[in-house]
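Trainee: Under my numbering, the first residue of the sequence shown carries the number 100, and numbering increases by one thereafter.
Cβ atoms here follow ideal geometry from the backbone N, Cα and C, with glycine treated the same way.
Supplied in structure tokens, the structure appears directly below.
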Amino acid sequence: MLVALHGGGGNARFMLSHLKVDGVAEKNGFIVAYLSGSAATRIGGNKLKAWNAGSGCCGKPYSNKVDDVGYITGAVRYLQRKYAVAPERTFGVGHSNGAMMMQTLSCLTDLFREVATLAGTLMAEAPSCPAALNHTIHNYHGALDENVPIVGGFGSKGVTNINFTSQAKAKALFENSGGRYLLHVLPGADHAIEHLSLSSQRQDGLTIGERLARDLRLVSVN
Numbered sequence: 100m101l102v103a104l105h106g107g108g109g110n111a112r113f114m115l116s117h118l119k120v121d122g123v124a125e126k127n128g129f130i131v132a133y134l135s136g137s138a139a140t141r142i143g144g145n146k147l148k149a150w151n152a153g154s155g156c157c158g159k160p161y162s163n164k165v166d167d168v169g170y171i172t173g174a175v176r177y178l179q180r181k182y183a184v185a186p187e188r189t190f191g192v193g194h195s196n197g198a199m200m201m202q203t204l205s206c207l208t209d210l211f212r213e214v215a216t217l218a219g220t221l222m223a224e225a226p227s228c229p230a231a232l233n234h235t236i237h238n239y240h241g242a243l244d245e246n247v248p249i250v251g252g253f254g255s256k257g258v259t260n261i262n263f264t265s266q267a268k269a270k271a272l273f274e275n276s277g278g279r280y281l282l283h284v285l286p287g288a289d290h291a292i293e294h295l296s297l298s299s300q301r302q303d304g305l306t307i308g309e310r311l312a313r314d315l316r317l318v319s320v321n
């Protein structure tokens, strides 16, 4: 099973239509579960959602101290029981704020042993990652990302005013805690899933959905 988390200002339907991993899932026999966060802003209604990944990110879920770690853990445990999926066969993927949420989960919980994160970084409010041992994060990041820069700091694009953790610091924190943090830089790509996917196709011959499924070993290898 692959659990997918949308980015800030998105929702489960947006993630489904942009990640384009369902065809890979059907071909290889795994489930994709798309979760939605809570309202990102006061005026966003039910369409604009976000997650509380920590360190200011993002929006109302962060300011309201929403327990998204607890919510996602409960949802995943329910889906594992309903579909008879073993914990070791449960993987995660997230984009942007959803990627940060996935990294926070990898840092603080045993929910996922391996996750793929797109255009995200580690924002967990912790000096170390107590759950990182034997966990792996594959982070796919556009070289031209100006929303969440690879070098960290404040992005020149986007609507947040957040000092993002650099990839170097995220990798060091996670690996110093016993995990693996694999950074895959995608040339010519910015923050958008579509552009990450185009760069992945040029670099590796695979869409981003195909690539993350391969790297998480969700696909059959002939």
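Measure the C-alpha to C-alpha separation of THR140 and ASN260 and round it to an integer number of angstroms.
Mentor: Approximately 14 angstroms between the Cα atoms of the pair.
Trainee: Applying the 10 Å Cβ sphere with the 16-neighbour rule, what's the burial state of ASN185?
Mentor: According to the sequence shown, residue 185 is Ala rather than Asn. Exposed: under 16 other Cβ atoms inside 10 Å.
Trainee: Which term fits LYS164, buried or exposed, when burial requires 16 or more other beta carbons within 10 angstroms of its beta carbon?
Mentor: When all chains shown are included, LYS164 counts as exposed.
Trainee: Below 8 angstroms, how does it come out for the stretch 263 to 275 and the stretch 310 to 321: are there three or more Cβ pairs, yes or no?
Mentor: Contact fails: fewer than three Cβ-Cβ distances are below 8 angstroms.
Trainee: Does DSSP put ALA111 in a helix, in a strand, or in coil?
Mentor: Here ALA111 sits in helix by DSSP.
Trainee: Between which two residues does the alpha helix (DSSP H) harbouring ARG103 extend?
Mentor: What sits at residue 103 in the sequence shown is Ala, not Arg. Looking at the DSSP string, ALA103 is not in any alpha helix (DSSP H); the run it does join, the beta strand (DSSP E), is 101 to 104.
Trainee: Can you tell me the Cα-Cα spacing of TYR170 and SER299, whole angstroms?
Mentor: Distance between the alpha carbons of TYR170 and SER299 is about 32 angstroms.
Trainee: Secondary structure at GLU309, three-state DSSP: helix, strand or coil?
Mentor: DSSP places GLU309 in helix when its eight states are reduced to three.
Trainee: Note down the Cα distance separating PRO229 from LEU204, rounded to an integer number of angstroms.
Mentor: Looking at the two C-alpha atoms, the distance is approximately 11 angstroms.
Trainee: For PHE190 and HIS294, I'd like the C-alpha separation in whole angstroms.
Mentor: Using only the alpha carbons, I get a separation of about 23 angstroms.
Trainee: Do you know whose CA, among ARG310, ARG212, GLY219, lies nearest SER195's CA?
Mentor: Comparing Cα positions, the closest option is GLY219.
Trainee: Taking only the alpha-carbon atoms, compute the straight-line gap between LEU272 and PRO226 and give it to the nearest angstrom.
Mentor: When rounded, the distance between both Cα atoms is 8 angstroms.
Trainee: With 16 other CB atoms within 10 Å as the buried threshold, where does LEU232 fall?
Mentor: That one is exposed.
Trainee: Determine, using beta-carbon pairs with one atom in the stretch 148 to 159 and one in the stretch 273 to 286, whether at least three such pairs fall under 8 angstroms.
Mentor: No, they do not touch.
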